[in-house]
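Chemist: According to the UniProt record's numbering, the residues represented by the sequence shown are 1 to 279, in order.
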Amino acid sequence: MPAIPIYFQTIMPAVSLPSDAPSTTTLPFRKHIYPTPKLRLHLEDLSHEGSSVFLSNIKGNDDLEHQCQNVLNLLYNHDSIRPGTRSVTFVLRAYQGLAYTTGIDLDGDHKEIHINLDYFTKISGDVRHEILGVICHELVHCFQWAAGGTANGGLIEGIADYVRLNAGLAAKHWKQEADGSWDGGYQHTGYFLQHLEEKFGRGTVKNINAGLRHGKYDEKHLFESCCGGKDVEELWKEYGEELKKRKKEEEDAGTKPTTTEKGKTIPTDTPPKFEDSTK
């Protein structure tokens with residue numbers, strides 16, 4: 001039996017979100033109502049301040065169900081074959097980190113999303129927006145394909161933030177840039193995937209996700225089949241050139257570049273074991 005992958009986010013600096021933050025109401029892409037798995041909530045410590053923050057901002061099953069629908073609509077068409085996720089348990093507890101998703105050892109179709117209660121107490125600005133963003137990102141890991149656990153980790157995290165972006169839940173410190181490698185993950189790769197979606201048409205990222213359903217990860221075949229026969233390095237170079245061109249046009253027009261909040265997303269790490277949570 002293949003190892004069950006674990007997807008992890010670590011603590012980000014608190015983000016101050018302005019009053020014009022994107023709406024978290026139903027968005028235009030919600031074309032279909034999918035059956036969703038059983039959703040469970042486990043609060044390890046009701047006396048923790050983070051528990052109160054969560055319960056004050058999240059409307060239980062309504063919000064969790066809503067984000068499931070967002071994720072499924074952005075990853076699949078109504079007739080697509082989807083992973084057989086049967087349940088998702090949200091485990092809210094204090095530990096070192098932000099959030100991670102895993103399957104239980106007995107049956108990988110039962111997922112657990114662990115979120116740090118301490119993190120909730122450090123969010124400034126629109127607390128609800130940020131919590132929903134983290135939930136949306138982690139739910140993607142419950143429903144996306146991952147080439148049997150062999151897929152590029154940066155692509156997996158990028159798809160999760162692509163979905164978060166299109167669900168109207170982007171963090172305010174996010175920005176488009178093309179430094180480093182295309183598979184840096186998170187919003188770095190998420191915006192690149194958004195670029196591919198716009199360049200090659202609606203459904204491109206769904207096709208990339210579908211290409212991770214069978215077999216081992218084949219990067220060359222995956223991107224060439226979904227993106228006009230071009231390999232990912234060529235696509236990344238074109239993306240960088242387009243961003244430079246856009247920046248120059250803004251400068252020539254005297255347009256101020258889009259501002260972002262301070263903050264950063266920390267790269268993926270290995271989550272602590274459950275029994276180590278108090279260390």
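Don't be surprised by glycine CBs; every beta carbon is placed ideally from N, CA and C.
#1: From which residue to which residue does the alpha helix (DSSP H) around N61 run?
#2: My parser needs the alpha helix (DSSP H) runs of 4 or more residues fully inside the segment 183–241; what are they?
#3: In the DSSP assignment, the alpha helix (DSSP H) including R82 goes from what residue to what residue?
#4: Using CA coordinates, which residue listed in S52, I104, H110 is at the minimum distance from L39?
#5: Ordered along the chain, which non-local residues of its own chain (more than five positions away) have a Cβ less than 6 Å from that of R164?
#6: Enumerate in chain order the residues of its own chain whose CB-to-CB distance from F200 is below 8 Å, with the five nearest sequence positions on each side excluded.
#7: Between the Cα of H66 and those of L243, E197, G168, spot the shortest distance and give me the residue it belongs to.
#8: What does DSSP give as the partner residues of K38 in its beta bridges?
#9: Looking only at DSSP bridge pairs, what is K111 linked to?
#10: By alpha-carbon positions, which one of H42, C142, R86 ends up nearest to A160?
#11: For S23, which of helix, strand or coil comes out of DSSP?
#12: In this structure, how does DSSP classify L155 when only helix, strand and coil are distinguished?
#13: From I157 to G185, what distance separates their C-alpha atoms?
#14: Between L243 and A147, which are expected to be in contact by the criterion C-beta below 8 Å, what is the C-beta distance as a whole number of angstroms?
#15: Where do the N-terminal and C-terminal ends of the alpha helix (DSSP H) with D118 fall, by residue?
#16: Pull up the distance between the alpha-carbon of H32 and that of E44, whole angstroms please.
#17: Taking the alpha-carbon of A151 as reference, which of V71, H214, Y34 has the nearest alpha-carbon?
#18: Taking the C-alpha atoms as reference points, what is the distance between K248 and E241?
#19: Alpha carbon to alpha carbon, what distance is there between Y100 and V71?
#20: Give me the residue from V53, V91, E234, W174 with the minimum Cα distance to V127.
#21: Can you list, in chain order, the residues of its chain with a C-beta nearer than 6 Å to that of Y191? Leave out the 5 residues immediately preceding and following it.
#22: Can you tell me where the alpha helix (DSSP H) with E49 in it begins and where it stops?
#23: G154 and D183: beta carbons closer than 8 Å?
#24: Assign T25 to buried or exposed, taking buried as 16 or more other Cβ atoms, counted over all protein chains shown, within 10 Å of its Cβ.
#25: What's the C-alpha gap between W174 and P35?
#26: Could you tell me the alpha carbon to alpha carbon distance between N61 and F90, rounded to whole angstroms?
#27: Report buried or exposed for S23, applying the criterion of at least 16 other Cβ atoms within 10 angstroms of its Cβ.
#28: The alpha helix (DSSP H) with H129 in it runs from where to where?
#29: Give me the residue from T85, E198, S51, K245 with the minimum Cα distance to V140.
#30: With a threshold of 16 other CB atoms inside 10 Å of the CB of K172, please say whether the residue is buried or exposed.
Modeler: Considering the structure as presented:
#1: Counting along the chain, the alpha helix (DSSP H) containing N61 begins and ends at 60–75.
#2: 186–200, 204–210, 219–226
#3: First-last for R82: undefined, no H or E at that position.
#4: Taking L39 as reference, the option from S52, I104, H110 with the minimal CA-CA separation is H110.
#5: G133, C136, H137
#6: C226, C227, G228
#7: Selected option, being the one with the closest Cα: G168.
#8: S87
#9: V88, G103
#10: C142
#11: Because the pLDDT of S23 is 40, which lies under 50, any placement of that residue in the model is unreliable, and the question is left without a value.
#12: helix
#13: The sequence as given places Glu at residue 157; Ile does not occur at that position. Taking the straight line from one Cα to the other gives about 5 Å.
#14: About 29 Å; that fails the 8 Å criterion.
#15: 117–120
#16: 34 Å
#17: H214
#18: A straight line joining the alpha-carbon of K248 with that of E241 spans about 11 Å.
#19: 17 Å
#20: V53
#21: Q176
#22: 49–57
#23: yes
#24: Unreliable positioning characterises T25 in this predicted model, as indicated by a pLDDT of 43, which lies under 50. The coordinate reading is nonetheless provided below. Flag for T25 reads exposed.
#25: In a straight line, the C-alpha of W174 is about 32 Å away from that of P35.
#26: 11 Å
#27: Only weak support exists for where S23 lies, its pLDDT of 40 falling under 50; the value from the coordinates is given anyway. Answer is exposed; the Cβ neighbour count stays below 16.
#28: 127–143
#29: T85
#30: buried
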